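Chemist:
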Amino acid sequence: MSKIGLLERLSQGPVMGDGSMVLRLREVGQRYGLTPEQAHRSGPMNVEHPDVVEIVHREYLEAGSELILTNTFHVTPYLLERWKVTYGTDRMVRAATKIARRVAGDRAWVLGDIGPPRVVEPLDDDALRAFHSNQARVLLDGGVEGIIIEYIADPRELKIAVEAARQASDGPVIATPVFGKTPEGEYRTPMPSPDGRRTWGPDLEAMVRIAIDAGADIVGTHCGQGFDIGDYEAMAKRIVALSDRPVIMQPNGDEHQCPLEPGLSKRDALIRAVPRLLDAGVSIIGGCCGVRGDDLRAMGRAMTQWCQDRGLDVAGIKE
4 MSKIGLLERL SQGPVMGDGS MVLRLREVGQ RYGLTPEQAH RSGPMNVEHP DVVEIVHREY
64 LEAGSELILT NTFHVTPYLL ERWKVTYGTD RMVRAATKIA RRVAGDRAWV LGDIGPPRVV
124 EPLDDDALRA FHSNQARVLL DGGVEGIIIE YIADPRELKI AVEAARQASD GPVIATPVFG
184 KTPEGEYRTP MPSPDGRRTW GPDLEAMVRI AIDAGADIVG THCGQGFDIG DYEAMAKRIV
244 ALSDRPVIMQ PNGDEHQCPL EPGLSKRDAL IRAVPRLLDA GVSIIGGCCG VRGDDLRAMG
304 RAMTQWCQDR GLDVAGIKE
């Protein structure tokens, strides 16, 4: 395919993202002989078992994904002690980027994935900025074409993370904060409190505005807490109404986390969601926890049908 910029490609039609990484690595890793403990160490897997990471990336590429996210969501120096490795996170990030670039070739864009630092005690602004700046720098040095910042609930960290990525990258910066559905039916960020109980932070609109003001080119969400696949359509409409930025939605396909309508399979629910999300104005659709290659392939067929029904030259867009 002609490697035009991602933002230019989005002006031509919707794009299919990839699927679950951490959970899929656990499944594939154990299938190929890794122990459960090894399969849960997603960061070190880039160095110690790169073939498993490559299998998952290739599964998504062959299913039609045009975006491949590096296996770096869980790569953070604050997990090194738990992982008991003698090398640092930069090596894991470089290895992850190399694997993703090798698989994607000229068939897909590679996005550097940055998640929260996963610390017990909150970091101050300088420490947060140092973490996110370093992650972005190493990913970009490895050849990623954009940065995606995922699963951040703290508005302070979201602002710092997007600003750090924006300062480091000339390519697209994507922000997908995490939301939960409150008992009152509101979409807000789930914030841990010092006593371990969940509290609710800013609402969806506030977090999206923070991301946009900090420099995000594309905004959306992914895994969430307390809502089903149908909630993604409602959230998408609200995000689209906020600005002209492209919107990305990555529904959760884990039946244990994302309840389904009675009698409806996970795949049918995901297929049904695709045209609804596109009608709502979403530009990128992928999958989060529980979404595998076969699910993406079925979702891609639904996206292709939607494009054809509207006279979009899908083949021409992807070449």
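If you count the sequence shown from 1, position 224 lands on 227 in the working numbering, and the numbers rise without skipping.
Cβ coordinates follow ideal geometry from the N, Cα and C atoms, glycine included.
No experiment lies behind these values; they were computed from the predicted model shown.
#1: Identify whether Phe76 lies in helix, strand or coil by the three-state DSSP scheme.
#2: Would Thr89 be called buried (16 or more neighbouring beta carbons within 10 Å of its own) or exposed?
#3: Between which two residues does the beta strand (DSSP E) containing Val176 stretch?
#4: Could you check the C-alpha separation between Val250 and Ile287 for me, to the nearest Å?
#5: Pick out the complete beta strand (DSSP E) segments inside the segment 131 to 179, 3 residues or longer, and give them in chain order.
#6: If we call anything under 7 angstroms between Cβ atoms a contact, is Arg121 one with Thr79?
#7: Does the Cβ of Pro125 have 16 or more other Cβ atoms within 10 Å, making it buried, or fewer, making it exposed?
#8: Should Leu9 and Trp112 be called a contact, given that it needs their Cβ atoms to be closer than 7 angstroms?
#9: For Ala167, I'd like the list of residues in its chain whose CB is within less than 7 angstroms of its CB, leaving aside the five on either flank, ordered along the chain.
#10: Given Arg29, which residues of its chain have a CB within under 7 angstroms of its CB, disregarding the five upstream and five downstream residues?
#11: Over the uninterrupted beta strand (DSSP E) stretch that includes Tyr190, give me the two end residues.
#12: Give the straight-line distance between the Cα atoms of Thr307 and Leu299, rounded to the nearest whole angstrom.
#13: Please determine, among Asp128, Val141, Arg94, the residue with the shortest C-alpha to C-alpha distance to Gly115.
#14: Expressed to the nearest angstrom, what Euclidean distance is found between the alpha-carbon atoms of Met238 and Tyr190?
#15: In this structure, how does DSSP classify Lys2 when only helix, strand and coil are distinguished?
#16: May I have the straight-line CA-CA distance separating Leu70 from Gly149, to the nearest angstrom?
#17: Measuring CB to CB, does Ala178 end up less than 7 angstroms from Val243?
#18: Just mark Gly188 as buried or exposed, buried being the case when its beta carbon has 16 or more other beta carbons within 10 Å.
#19: In the structure shown, what three-state DSSP assignment does Cys291 receive?
#20: Across the segment 170 to 184 and the segment 152 to 161, are there enough close Cβ pairs to call them in contact, namely three or more that are closer than 8 angstroms?
#21: In angstroms, rounded to a whole number, what distance separates the CA positions of Asp316 and Ala283?
#22: Please classify Pro325: does DSSP put it in a helix, a strand, or coil?
#23: Would you mind stating whether Gly22 and Tyr63 have Cβ atoms separated by less than 7 angstroms?
#24: Could you tell me which of Pro205, Pro278, Ala217, Arg248 sits nearest to Gly233, measuring between CA atoms?
#25: Throw me the rounded Cβ distance for the Gly256 and Lys269 pair, which I believe falls under 8 angstroms.
#26: What separation, rounded to the nearest whole angstrom, lies between the Cα atoms of Arg104 and Val147?
#27: Could you give the first and the last residue of the continuous beta strand (DSSP E) run that contains Val250?
#28: Could you name each continuous alpha helix (DSSP H) segment of 4 residues or more that falls completely within the segment 71 to 121, going from the start of the chain to the end?
#29: With a 10 Å radius around its C-beta and 16 neighbouring C-beta atoms as the bar for buried, classify Asp220 as buried or exposed.
Modeler: With the structure as the only source:
#1: Here residue 76 refers to the residue found at position 73 when the sequence shown is read from its first residue. Coil at Phe76, not helix or strand.
#2: Numbered from 1 along the sequence shown, position 86 holds the residue referred to as residue 89. Looking at its Cβ environment, which holds fewer than 16 other Cβ atoms inside 10 Å, Thr89 is exposed.
#3: Numbered from its first residue, the sequence shown carries residue 176 at position 173. Going by DSSP, Val176 is part of the beta strand (DSSP E) stretching over 176 to 179.
#4: For the purposes of this step, residue 250 is taken as the residue at position 247 of the sequence shown. For the purposes of this step, residue 287 is taken as the residue at position 284 of the sequence shown. Distance from the CA atom of Val250 to the CA atom of Ile287, rounded to whole angstroms, is 6 angstroms.
#5: Whole beta strand (DSSP E) segments, 3+ residues: 149 to 153, 176 to 179.
#6: What you label residue 121 is simply residue 118 of the sequence shown in a count that begins at 1. What you label residue 79 is simply residue 76 of the sequence shown in a count that begins at 1. In this structure, Arg121 lies near Thr79, with their beta-carbon atoms less than 7 angstroms apart.
#7: Reading the sequence shown from its first residue, position 122 is the one you call residue 125. Burial call: exposed.
#8: Start at 1 with the first residue of the sequence shown, and residue 9 comes out as number 6. Start at 1 with the first residue of the sequence shown, and residue 112 comes out as number 109. Trp112 is positioned such that its CB atom lies closer than 7 angstroms to that of Leu9.
#9: Numbered from 1 along the sequence shown, position 164 holds the residue referred to as residue 167. Excluding the 5 residues flanking it on each side, Ala167 has same chain C-beta neighbours closer than 7 angstroms at Arg132, His135, Ser136, Ala139, in chain order.
#10: Taking the first residue of the sequence shown as position 1, residue 29 is located at position 26. Answer for Arg29: Ala42, His43, listed in chain order.
#11: Numbered from 1 along the sequence shown, position 187 holds the residue referred to as residue 190. 190 to 195 is the span of the beta strand (DSSP E), which, as asked, contains Tyr190.
#12: Position 304 of the sequence shown, counted from the start, is the residue given in the question as residue 307. Position 296 of the sequence shown, counted from the start, is the residue given in the question as residue 299. About 12 angstroms.
#13: As a working mapping, residue 115 is identified with position 112 in the sequence shown. Here the closest residue by C-alpha is Val141.
#14: Residue numbering aside, residue 238 sits at position 235 when the sequence shown is read from its first letter. Residue numbering aside, residue 190 sits at position 187 when the sequence shown is read from its first letter. Straight-line Cα distance between these residues: approximately 8 angstroms.
#15: Because the chain here runs from 4 to 322, residue 2 falls outside it and cannot be looked at.
#16: On the sequence shown, residue 70 is found 67 positions in, with the first residue counted as 1. On the sequence shown, residue 149 is found 146 positions in, with the first residue counted as 1. Spanning the two alpha carbons is a distance of roughly 10 angstroms.
#17: Stepping through the sequence shown from its first residue, residue 178 is reached at position 175. Stepping through the sequence shown from its first residue, residue 243 is reached at position 240. No, they are not a contact pair.
#18: If you number the sequence shown from 1, residue 188 lands on position 185. By the neighbour-count rule (16 or more Cβ atoms within 10 Å), Gly188 is not buried but exposed.
#19: The residue you call residue 291 lines up with position 288 of the sequence shown. Coil, per DSSP.
#20: The segment 170 to 184 makes contact with the segment 152 to 161; the number of CB pairs closer than 8 angstroms reaches 3 or more.
#21: If you number the sequence shown from 1, residue 316 lands on position 313. If you number the sequence shown from 1, residue 283 lands on position 280. Roughly 20 angstroms separates the two Cα atoms.
#22: Because residue 325 is not part of the residues shown, which for the chain are 4 to 322, the question remains open.
#23: On the sequence shown, residue 22 is found 19 positions in, with the first residue counted as 1. On the sequence shown, residue 63 is found 60 positions in, with the first residue counted as 1. In this structure, Tyr63 lies closer than 7 angstroms to Gly22 by Cβ.
#24: The residue given as residue 233 occupies position 230 in the sequence shown. Residue nearest to Gly233 within the set Pro205, Pro278, Ala217, Arg248 is Pro278 (criterion: CA-CA distance).
#25: For the purposes of this step, residue 256 is taken as the residue at position 253 of the sequence shown. For the purposes of this step, residue 269 is taken as the residue at position 266 of the sequence shown. Gly256 to Lys269, Cβ: 5 angstroms. Contact.
#26: Along the sequence shown, one-based indexing puts residue 104 at 101. Along the sequence shown, one-based indexing puts residue 147 at 144. Using only the alpha carbons, I get a separation of about 8 angstroms.
#27: As a first step, residue 250 is located in the sequence shown; it is residue number 247 there, counting from the start. Where Val250 is concerned, the enclosing beta strand (DSSP E) stretches over 250 to 252.
#28: Here the runs fully enclosed are 83 to 86, 92 to 107.
#29: For the purposes of this step, residue 220 is taken as the residue at position 217 of the sequence shown. Classification of Asp220: buried, given that the 10 Å Cβ count is 16 or more.
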